[in-house]
Amino acid sequence: MSVSTPPRWVIVGNGENRRVGMFTDAARAMAPAEIRVVEWRDVLSEGGCDFRDDEIVRLESPGENLEVDRLLRGSSEPTRVEGSARWYARFLDAARSLRGGFRLDDTDDLAVLFDKRRCHARLSRAGVPVPSSPTSGGGASVRGWADVRSLMRAAEMPRVFVKLAHGSSASGVLAIESTRDGRLRATTSVEITPEGHLHNSLRVRRYTAEREIAHIVDRLAPDGLHMERWIPKVSQGGRSADLRVVVIGGRATHSVVRTSRTPLTNLHLGGARGDLADFRAAAGEHWVTALSICEQAAACFPATLCVGVDLLPVVGWRRFMVAEVNAFGDLLPGLSGLPEGPAAGLDTYTAQVIAATTRYHLARQSDSRETREGVPL
Numbered sequence: 008m009s010v011s012t013p014p015r016w017v018i019v020g021n022g023e024n025r026r027v028g029m030f031t032d033a034a035r036a037m038a039p040a041e042i043r044v045v046e047w048r049d050v051l052s053e054g055g056c057d058f059r060d061d062e063i064v065r066l067e068s069p070g071e072n073l074e075v076d077r078l079l080r081g082s083s084e085p086t087r088v089e090g091s092a093r094w095y096a097r098f099l100d101a102a103r104s105l106r107g108g109f110r111l112d113d114t115d116d117l118a119v120l121f122d123k124r125r126c127h128a129r130l131s132r133a134g135v136p137v138p139s140s141p142t143s144g145g146g147a148s149v150r151g152w153a154d155v156r157s158l159m160r161a162a163e164m165p166r167v168f169v170k171l172a173h174g175s176s177a178s179g180v181l182a183i184e185s186t187r188d189g190r191l192r193a194t195t196s197v198e199i200t201p202e203g204h205l206h207n208s209l210r211v212r213r214y215t216a217e218r219e220i221a222h223i224v225d226r227l228a229p230d231g232l233h234m235e236r237w238i239p240k241v242s243q244g245g246r247s248a249d250l251r252v253v254v255i256g257g258r259a260t261h262s263v264v265r266t267s268r269t270p271l272t273n274l275h276l277g278g279a280r281g282d283l284a285d286f287r288a289a290a291g292e293h294w295v296t297a298l299s300i301c302e303q304a305a306a307c308f309p310a311t312l313c314v315g316v317d318l319l320p321v322v323g324w325r326r327f328m329v330a331e332v333n334a335f336g337d338l339l340p341g342l343s344g345l346p347e348g349p350a351a352g353l354d355t356y357t358a359q360v361i362a363a364t365t366r367y368h369l370a371r372q373s374d375s376r377e378t379r380e381g382v383p384l
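Going by this note's numbering, 377 is the number at position 370 of the sequence shown; the sequence numbering is gapless.
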């Protein structure tokens, strides 16, 4: 096949999901292309899928599909918080069952990206600024609320974030504050049912009774928990603010400010997009540093084309810390690329189509040269 022949696209995802539709639209708008969708439910039920060498394979999030969620989590209740460890193991098995093709992700990268303890450790080893954490790299184990309280005291961290090791979209996250007189407050989207089960909610709640906070932590601990220091962030318009930066092919291409009146800035939990121009003006000369840190974080996952980096601007604007690196952090409808970056005027999906096509053709050119020179592949 000629190196210049248009590639064939394969999207592994949930066909009805808007992520799949948006990427498909972007690919078709760039050039005539053959695109097929491989459903996650088929991968999970049939034990994988094989791809041709001339197919570019893109993995999309397996979320927002009841049947896929049941296969991964083992529960028919999609809002249940428990079960993230089972989800993680089954998702990685499914990713590893995909054979062949030109991949835009790396399974080993995915294994780290979906384990906050391992991700934190990898970033820290690479010199990426991150909040301090007693559980980084699987250091201290958290078997329940007693361990959380003990680690908070030992690390002198009166304010911490407790997160599911394999969670996403703020599922199971608790922002916990303690005072010298022993009072507690936990801010979370977790709802406790009358039966004691935990469900994700779109309403952020505050718990002040230690027995309720302990109940949540104790139920989530078997799935694995990660703890890190709660970093005081800057504010915009009286709201706490952080940054989601999309990094494609090693370059920071898109950025959105997320603001909230609670410690959880996720847009689906009532967070709102802030003013990026104001944010950049406030950061001043440190804006370049902020983007550089995001690119440094993405460089820890060189075999993965695109990641979304959650960046915490510390009060005073002189420091930034990486809170999360997300494998599926590119769903930002209507957002154009940074004007000074390589994706100026492009949405996140169009920018990825261009970067992926370039990476694919460069790889095929390299293979072609090696073949001509008689170098074994």
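Quick reminder that beta carbons are idealized off the backbone N, C-alpha and C, glycines included.
Since residue i is in the alpha helix (DSSP H), which residue starts that stretch and which ends it?
i: residue 126; result: 123-132
i: residue 32; result: 25-37
i: residue 286; result: 283-290
i: residue 80; result: 73-80
i: residue 157; result: 152-161
i: residue 191; result: Premise fails: residue 191 lies in the beta strand (DSSP E), 191-199, not in any alpha helix (DSSP H).
i: residue 49; result: 47-53
Beta-carbon of residue i versus every beta-carbon of chain D: anything under 8 angstroms?
i: residue 162; result: Judged by its chain identifiers, the structure shown contains no chain D, having just a single protein chain.
When we look at the beta-carbon of residue i and count the other beta-carbons within 10 Å, is it buried (16 or more) or exposed?
i: residue 195; result: buried
i: residue 81; result: exposed
i: residue 8; result: In this prediction, residue 8 has a pLDDT of 36, which is less than 50 and means its spatial position is unreliable; what the coordinates show is noted afterwards. Exposed, because fewer than 16 other Cβ atoms sit within 10 Å of the Cβ of residue 8.
i: residue 178; result: buried
i: residue 270; result: buried
i: residue 231; result: buried
i: residue 188; result: exposed
i: residue 254; result: buried
i: residue 200; result: exposed
i: residue 292; result: exposed
i: residue 382; result: With a pLDDT of only 47 at residue 382, under 50, the local geometry of the prediction cannot be trusted, and the value read off the model is given with reservation. That one is exposed.
i: residue 385; result: There is no way to answer for residue 385, as the model of the chain reaches only from 8 to 384.
i: residue 365; result: exposed
i: residue 108; result: buried
i: residue 134; result: exposed
i: residue 127; result: buried
i: residue 75; result: buried
i: residue 27; result: buried
i: residue 157; result: exposed
i: residue 322; result: exposed
i: residue 180; result: buried
i: residue 67; result: buried
i: residue 23; result: exposed
i: residue 54; result: exposed
i: residue 341; result: exposed
i: residue 186; result: exposed
Is residue i helix, strand or coil by DSSP?
i: residue 308; result: coil
i: residue 361; result: helix
i: residue 102; result: helix
i: residue 296; result: helix
i: residue 206; result: strand
i: residue 117; result: helix
i: residue 279; result: strand
i: residue 68; result: coil
i: residue 166; result: strand
i: residue 369; result: helix
i: residue 351; result: strand
i: residue 145; result: helix
i: residue 41; result: strand
i: residue 382; result: Bear in mind that the predicted position of residue 382 carries a pLDDT of just 47, short of 50, making it unreliable; the figure below should be weighed with that in mind. Residue 382 falls in the coil class under three-state DSSP.
i: residue 345; result: coil
i: residue 274; result: helix
Note the first and the last residue of the continuous beta strand (DSSP E) segment covering residue i.
i: residue 328; result: 327-333
i: residue 324; result: Note, residue 324: premise wrong, no beta strand (DSSP E); not H, not E.
i: residue 182; result: 181-185
i: residue 386; result: Any question about residue 386 goes unanswered here, given that the chain covers just 8 to 384.
i: residue 17; result: 15-20
Is it the case that the CB of residue i approaches a heavy atom of the ligand HEM more closely than 7 angstroms?
i: residue 159; result: The ligand HEM is not part of the structure shown, which contains no ligands of any sort.
Exercise for the section: Determine contact between the segment 33-52 and the segment 12-25, defined as no fewer than three beta-carbon pairs at a distance below 8 angstroms. Expected result: Verdict: yes, contact present.
Handout entry: Segment contact, 8 angstroms Cβ cut-off, at least three pairs: the segment 242-254 with the segment 275-291
Key = Yes, the segment 242-254 touches the segment 275-291.
Practice task
Within the segment 212-269, note down every full alpha helix (DSSP H) run reaching 4 residues or more, in order along the chain.
Solution key: 217-227, all fully within the segment 212-269.
Problem - the segment 175-193 / the segment 203-217 touching (three or more Cβ pairs under 8 angstroms) - result: The answer is yes - the segment 203-217 touches the segment 175-193, with three or more Cβ pairs under 8 angstroms.
Practice task
Decide if the segment 219-236 is in contact with the segment 147-158; the criterion is three or more beta carbon pairs, one per stretch, under 8 angstroms apart.
Solution key: Touching, yes, given that three or more Cβ pairs across the two stretches are closer than 8 angstroms.
Exercise for the section: Evaluate the contact criterion for the segment 333-350 versus the segment 313-320: three or more CB pairs, one atom per stretch, below 8 angstroms. Expected result: Yes, the segment 333-350 touches the segment 313-320.
Handout entry: Cβ contact (3+ pairs, closer than 8 angstroms) linking the segment 158-177 and the segment 83-102
Key = Touching, yes, given that three or more Cβ pairs across the two stretches are closer than 8 angstroms.
Exercise for the section: May I ask you to verify whether the segment 27-36 touches the segment 344-363, counting CB pairs closer than 8 angstroms and requiring at least 3? Expected result: They touch, by the three-pair rule.
Practice task
Determine contact between the segment 290-309 and the segment 98-105, defined as no fewer than three beta-carbon pairs at a distance below 8 angstroms.
Solution key: Because the criterion of three Cβ pairs below 8 angstroms is not met, the segment 290-309 and the segment 98-105 do not touch.
Exercise for the section: Please determine if the segment 106-121 and the segment 218-229 are in contact, where contact requires at least 3 C-beta pairs separated by less than 8 angstroms. Expected result: The segment 106-121 is not in contact with the segment 218-229.
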